[in-house]
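Visitor: Please see the structure below; I have some questions.
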Amino acid sequence: MSDHGKVSEQQQDQETPVTPVLTQKQAKRANATVIGMLIATGITVLLVLIPVLLNPAPKMQVRSVDVKATAAQAAGDAGYAPLAPDLPEGWSANYARWEATGSAGVPVWEVGYVTPGMEFIRLSETGAGNPTWIAQTSGDAKVAGERTAGGQTWELRDSADGKASMVLELNGLTVVLTGEADLAEFDVLAEAVVSDLSNE
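Its first residue numbered 1, the sequence shown is counted upward by one per residue in the UniProt record's numbering.
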């Protein structure tokens, strides 16, 4: 019995976990390491955030083209004064060009307008408009009705891709406005177009 007692005492000694005891210096060094890591991490995060916070998000740059000057240059080739309507503040043109052979082989004056709502409307004008050119320029949009703007009745078209078109034939010229803007913004451009055509 006494032998069994010795064995059981030895097993208990082996199973008892030993907890290491840290001296005050060791505990202080361990805490200093953790605090140092937290400080270093905080400084790193701060260094990354400073440039991000000091550099605001870039504003969308809208290229602005002088439509009147470009239209004056194109007038000789066009044989008429290309449209350069006066629009309210907030509108800008990001391109204006004369194409001697546009879609369907029709010569065309084109201006791309960015609206105050940051949408896009393309103005296309020709003195040689025909149904094929109108269909191609409007993206094969189907006639959806009529819309009055600038005292004129425009043909309203809707395409499958969500774009709208307004078509006007006046003074021997055909004008097509196409884009994804709100119809109220189409009306602003359409009124300016009619005003410009009336001044020719």
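C-beta atoms are modelled at their ideal positions from N, C-alpha and C, and glycine is treated no differently.
Give the straight-line distance between the Cα atoms of aspartate 161 and valine 194, rounded to the nearest whole angstrom.
Guide: As a working note, residue 161 is residue 161 in the sequence shown. As a working note, residue 194 is residue 194 in the sequence shown. Taking the straight line from one Cα to the other gives about 27 Å.
Visitor: Out of Thr178, Pro88 and Pro82, state which residue places its alpha-carbon closest to the alpha-carbon of glycine 139.
Guide: Position 139 of the sequence shown, counted from the start, is the residue given in the question as residue 139. The candidate whose alpha carbon is nearest that of glycine 139 is Thr178.
Visitor: Which of the three DSSP states is assigned to methionine 1 in this structure?
Guide: Mapped onto the sequence shown, residue 1 falls at position 1. For methionine 1, the predicted model reports a pLDDT of 49, less than 50, meaning its position is unreliable; a value from the coordinates is still stated below. Coil, per DSSP.
Visitor: So what's valine 108 in DSSP terms, helix, strand or just coil?
Guide: On the sequence shown, residue 108 is found 108 positions in, with the first residue counted as 1. Correct three-state label for valine 108: strand.
Visitor: Would the beta-carbon of serine 165 fall within 7 Å of that of alanine 135?
Guide: Taking the first residue of the sequence shown as position 1, residue 165 is located at position 165. Taking the first residue of the sequence shown as position 1, residue 135 is located at position 135. Cβ distance not < 7 Å, so serine 165 and alanine 135 don't count as in contact.
Visitor: So, at 8 Å on beta carbons, what are the nonlocal neighbours of serine 103 in its own chain, with the 5 sequence-adjacent residues on each side left out?
Guide: Taking the sequence shown and counting its residues from 1, the one referred to as residue 103 is at position 103. Contacts found: Trp133, Gln136 and Thr137.
Visitor: Name the DSSP bridge partner or partners of threonine 148?
Guide: Locating residue 148 in the sequence shown gives position 148, counting from the first residue. Looking at the DSSP assignment, threonine 148 forms a beta bridge with Thr153.
Visitor: If I follow the unbroken beta strand (DSSP E) through tryptophan 98, where does it start and stop?
Guide: In the sequence shown, the residue the question calls residue 98 occupies position 98. Per DSSP, tryptophan 98 belongs to the beta strand (DSSP E) from 92–99.
Visitor: Under 6 Å Cβ to Cβ from glycine 129, same chain only, skipping five residues before and after it: list those, please.
Guide: Position 129 of the sequence shown, counting from 1, holds the residue named residue 129. Thr174, listed in sequence order.
Visitor: May I ask you to report which of helix, strand or coil DSSP gives glutamate 125?
Guide: Position 125 of the sequence shown holds residue 125. If DSSP states are grouped into helix, strand and coil, glutamate 125 belongs with the strands.
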